[in-house]
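Peer 1: I have a structure here, written as structure tokens, and I will follow up with some questions on it.
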Amino acid sequence: MAQKVVDAIKAEGGRAVANGADISTMAGGQSVFDDAIKHFGRADILVNNAGILLDQTFAKATEAAWDKVLKVHLKGTFCCTQPVFRWMRENGGGVIVNTSSTSGLIGNFGQSNYGAAKGGIWGLSNVLAIEGRKYNIRVWTLAPGALTRMTSDLPRYIENPGMALGPDGIAPAVLYMVSDLSGDQTGKVLGVSGPRGVREMRMMEKPGWKPPHAGWKAQDVVEHAREIFFSEEEIKMGARRF
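Under my numbering, residues 76 to 317 are what the sequence shown spells out, in order.
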């Protein structure tokens, strides 16, 4: 499949190289980076998009599936990003896009392993954005809802085939993130899907209630619930459960 993509790019006059290394290993991630430097001379943009689905309800989850999904998604993101991040740090910066999912940001039935991996990618992106800022390394998180080879047999897409965007419906968002069009923005999550369109997603936080220095009790949470928790009205106004 990778070579088919390369051939298609070359047919349009572009330049591309395929790499079949195991990106869930440090050697594999280094190999991808080395190929980029060898053939293109620079590594200005990294889009981490490797994935696998082994959906199981949590009660039926197996250790083997858990380990495999986290290894490909979360560890794969680490293995591919570290050599590129180090290069960008010494060469004027760049842009990194890590692919998460609403399954990791909000949750989805039957995807405990996938959700954990994608949630971890979001957390990693937040840290990379903080650490990379002074080196002009911008980091984005992409949360797509896309109909691909990996997702084509999901029930929601089988039942409603028109609800999902194909890869070509996600690509403009990625191009925006990695280009000058997005300016100096970093540390943001961009959701892109058929039903909800293109939108920023972010963690919401209430002003909260400050306990007295003398201490507080669990009952205080009940008594100050309006200050601590989002109301249904606030959620409707945009404070979504993420």
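Glycine included, C-beta positions come from ideal geometry on N, C-alpha and C.
Everything numeric in this text was worked out from a predicted model, so none of it was measured.
1) In whole angstroms, what is the alpha-carbon distance linking Lys150 and Ala289?
2) Going by DSSP in three states, Met276 sits in which element: helix, strand or coil?
3) DSSP three-state call for Pro219: helix, strand or coil?
4) I want to know whether the stretch 257 to 272 touches the stretch 211 to 220 - three or more CB-CB distances under 8 angstroms.
5) Our contact map puts Ile171 next to Leu145 with C-beta atoms below 8 angstroms; I'd like the distance itself, whole angstroms only.
6) Grab the span of the beta strand (DSSP E) containing Gly169 for me, first residue to last.
7) Please report the distance separating the alpha-carbon of Val147 from that of Ile127.
8) If you drop the 5 nearest sequence neighbours on each side, which residues of the same chain put their C-beta closer than 7 angstroms to that of Gly167?
9) To the nearest angstrom, how far is the alpha carbon of Leu250 from that of Gln260?
10) Excluding the five sequence neighbours on either side, which residues of its own chain have a C-beta within less than 6 angstroms of the C-beta of Ser200, listed in chain order?
11) What did DSSP end up calling Ser306 once you bin it into helix, strand or coil?
12) Determine whether the beta carbon atoms of Ala118 and Trp162 lie at a separation below 7 angstroms.
13) Please return the same chain residues whose Cβ sits closer than 8 angstroms to the Cβ of Arg316, not counting the five positions on each side in sequence.
14) Take Thr152 and list the residues in its own chain whose beta-carbon comes closer than 7 angstroms to its own, dropping the five residues that flank it on each side.
15) Please list, in chain order, all residues of the same chain as Trp284 whose beta carbon is under 7 angstroms from its beta carbon, the five residues on each side excluded.
16) Go through its chain and collect everything with a Cβ distance to Asp82's Cβ below 8 angstroms, but skip five positions before and after it.
Peer 2: Answer, in terms of the structure:
1) 44 angstroms
2) strand
3) strand
4) yes
5) Incorrect: roughly 20 angstroms between the Cβ atoms, too far for contact.
6) 169 to 174
7) 7 angstroms
8) Asn211
9) 14 angstroms
10) Asn173, Val214, Thr216
11) coil
12) yes
13) Caution applies to Arg316, whose pLDDT of 48 falls short of 50 and renders its modelled position unreliable; the value that the coordinates give is listed next. Once the five neighbours on either side are set aside, the close Cβ partners of Arg316 are Ile181, Ile310.
14) Asn123, Asn173, Ile196, Leu199
15) His299, Glu302, Ile303
16) none
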